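In what follows, a structure is listed as structure tokens, so that the remarks can point back to it.
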Amino acid sequence: MASVFMRIFNLICMMLLIGHWSGCLQFLVPMLQGFPENSWVAINELQDAFWLEQYSWALFKAMSHMLCIGYGRFPPQSLTDMWLTMLSMISGATCYALFLGHATNLIQSLDSSRRQYRERVKQVEEYMAYRKLPREMRQRITEYFEHRYQGKFFDEEAILGELSEKLREDVINYNCRSLVASVPFFANADPNFVSDVVTKLKYEVFQPGDIIIKEGTIGNKMYFIQEGIVDIVMANGDVATSLSDGSYFGEICLLTNARRVASVRAETYCNLFSLSVEHFNTVLDQYPLMRRTMESVAAERLNKIGINPSIVAHHEEEEGEDDDGSDSKTINAVVNALSEQAEHANTSIESDGSRSVLTEIGRSLHILTASLPRPKSECNFATIVEHQPIIPWTPFHRSDTIQNQNNNMSSTLQDNDSDRGDSNSSGARWHSITSENIT
65 MASVFMRIFN LICMMLLIGH WSGCLQFLVP MLQGFPENSW VAINELQDAF
115 WLEQYSWALF KAMSHMLCIG YGRFPPQSLT DMWLTMLSMI SGATCYALFL
165 GHATNLIQSL DSSRRQYRER VKQVEEYMAY RKLPREMRQR ITEYFEHRYQ
215 GKFFDEEAIL GELSEKLRED VINYNCRSLV ASVPFFANAD PNFVSDVVTK
265 LKYEVFQPGD IIIKEGTIGN KMYFIQEGIV DIVMANGDVA TSLSDGSYFG
315 EICLLTNARR VASVRAETYC NLFSLSVEHF NTVLDQYPLM RRTMESVAAE
365 RLNKIGINPS IVAHHEEEEG EDDDGSDSKT INAVVNALSE QAEHANTSIE
415 SDGSRSVLTE IGRSLHILTA SLPRPKSECN FATIVEHQPI IPWTPFHRSD
465 TIQNQNNNMS STLQDNDSDR GDSNSSGARW HSITSENIT
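With the working numbering, letter number 366 in the sequence shown gets 430, and the count goes up by one each step, no holes.
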């Protein structure tokens with residue numbers, strides 16, 4: 065503010081200085097000519113006057129020219145006076161235009177934030193008129209802007225983005241000092257934790273009646289109340305409790321990975337700071353003690369509104385188990401289908417075509433078991449391995465036997481379906497393997 069007034073004062077002083085030089089020039093030229101009778105000095109009979117009187121008349125004549133309001137007491141009578149008058153008028157008009165331009169810019173910069181606010185409100189009004197919004201909605205938008213910006217508009221994100229990281233952190237901590245002082249959760253917390261949280265907060269404003277959180281939705285942020293009152297509303301419409309300055313809410317779903325257990329409605333104008341789930345997890349991963357503290361508070365709140373915390377905490381896990389169960393059913397269905405194909409092919413095991421079918425079935429089962437969870441139910445399939453390179457896995461049913469062409473020695477499948485059978489006859493090309501009950 066002081067710098068603006070100083071700049072305006074400097075402009076005025078510059079105008080007076082130029083007027084002083086012009087006045088001196090107006091008197092100097094006639095004096096060098098010996099004060100001719102048609103000069104303005106002789107006409108005003110100032111040849112022998114006191115110097116202060118001479119200077120005053122010269123300054124008056126120069127200022128009259130510069131401000132384009134006249135020629136002084138008398139118009140120019142000589143050619144010299146005429147040229148001096150024109151020079152003075154040109155310099156004066158130039159200085160006057162520069163003075164007005166600089167003064168206007170200084171006055172506008174004196175309250176640029178308010179000017180930007182008025183421009184933004186004007187744009188919003190034009191938008192509402194263009195979209196033909198109803199009167200009630202227009203009124204709410206206008207009231208929102210008035211409460212949110214308080215007649216001043218700043219691009220705070222851009223301003224803070226130009227600062228260094230340390231300076232930006234200091235500014236944010238200072239701006240949120242009232243929030244930190246009013247939130248009991250921050251009172252006994254680690255200062256580093258508080259600093260990490262407040263630097264990730266986002267300022268938001270809600271009007272009376274706004275639904276801040278809706279029950280049953282997926283939570284993506286929690287809120288700290290800087291100013292205002294909110295109601296915790298249950299599914300039946302009853303208000304379980306109310307929260308005011310210094311409280312926080314919305315952390316339950318972020319801790320339990322469940323959906324919102326209640327709705328939150330703004331009772332008055334609310335100035336809130338929100339913390340996204342990504343920033344929430346990032347900060348709490350660094351401070352596990354604060355996570356346990358928030359979990360205990362969340363459990364107390366759930367008990368207060370009549371909800372079992374364990375039910376909410378394990379809700380998502382139960383959904384995951386249901387998904388696993390459906391996957392197991394799918395695996396069993398596929399395995400049974402492949403087993404039926406293997407049984408059909410085994411009836412004609414002597415043919416080479418059936419052996420290729422069994423090979424393909426074994427490969428399919430191998431890919432299936434590698435890519436999906438192991439089914440809980442019993443699967444009746446086995447694999448055989450020969451002493452030949454790159455031998456595919458082949459499934460067999462209980463009591464199926466493959467005859468050895470060279471001898472009667474046999475080998476039994478060991479352990480589970482991922483283990484390979486061993487043979488007592490290393491020179492045999494085909495092994496006789498009897499499949500066991502495989503789990």
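All C-beta atoms in this analysis are idealised placements derived from N, C-alpha and C, irrespective of residue type, glycine included.
Bear in mind that the values here come from a model prediction, so they are computed numbers and not experimental data.
When DSSP assignments are scanned along the segment 92–149, no uninterrupted stretch of beta strand (DSSP E) that is 3 or more residues long falls wholly within it. Going by DSSP, Ile369 is part of no alpha helix (DSSP H) at all; its letter is neither H nor E.
In the structure shown, the three-state DSSP call for Val325 is coil.
When C-beta atoms of the segment 281–290 are compared with those of the segment 309–318, three or more pairs fall below 8 angstroms, so the two segments count as touching.
Residue pairing from DSSP places Thr305 in a beta bridge opposite Ile296. Remark: C-beta atoms of Phe217 and Gln180 approach each other more closely than 9 angstroms. Close CB contacts of Arg324 within its chain, under the 7 angstroms cut and outside five residues either way in sequence, are with Ile277, Lys278, Glu279, Gly280, Thr281, Gly283 and Cys317 (chain order). In this structure, Ile289 lies near Ser311, with their beta-carbon atoms less than 9 angstroms apart. A check of alpha carbon separations from Leu348 across Leu197, Gly87 and Lys264 identifies Lys264 as the nearest.
A distance below 6 angstroms between beta-carbons, with the five flanking residues on each side excluded, links Arg329 to the following residues of its chain, in chain order: Ile275, Asp295 and Val297.
Looking only at Met192, Met358, Pro248 and Asn335, the smallest Cα-Cα distance to Ile293 is reached by Asn335.
Between Gly156 and Met127, the C-beta spacing is below 9 angstroms.
Of all C-beta pairs linking the segment 215–230 to the segment 243–250, fewer than three are shorter than 8 angstroms, placing the two stretches out of contact. For the 9 angstroms CB-CB criterion, Thr149 and Pro94 do not form a contact.
Three or more Cβ pairs drawn from the segment 299–308 and the segment 355–369 lie within less than 8 angstroms of each other, which places the two stretches in contact.
Counting the other Cβ atoms within 10 Å of the Cβ of Ile82 gives 16 or more, which makes it buried. Contact check for Ala113 and Cys88: beta-carbon distance about 16 angstroms, past the 8 angstroms limit, so the pair fails to qualify. Looking from the CA of Cys159, the closest CA among Lys186, Glu189 and Met78 belongs to Met78.
Straight across, the Cα-Cα distance linking Leu353 with Ser177 is about 43 angstroms.
A straight line joining the alpha-carbon of Ile107 with that of Glu117 spans about 14 angstroms. Beta-bridge partners of Ser338 (DSSP): Lys266 and Tyr287. Shown here, Tyr208 sits in a helix according to DSSP, grouped into three states.
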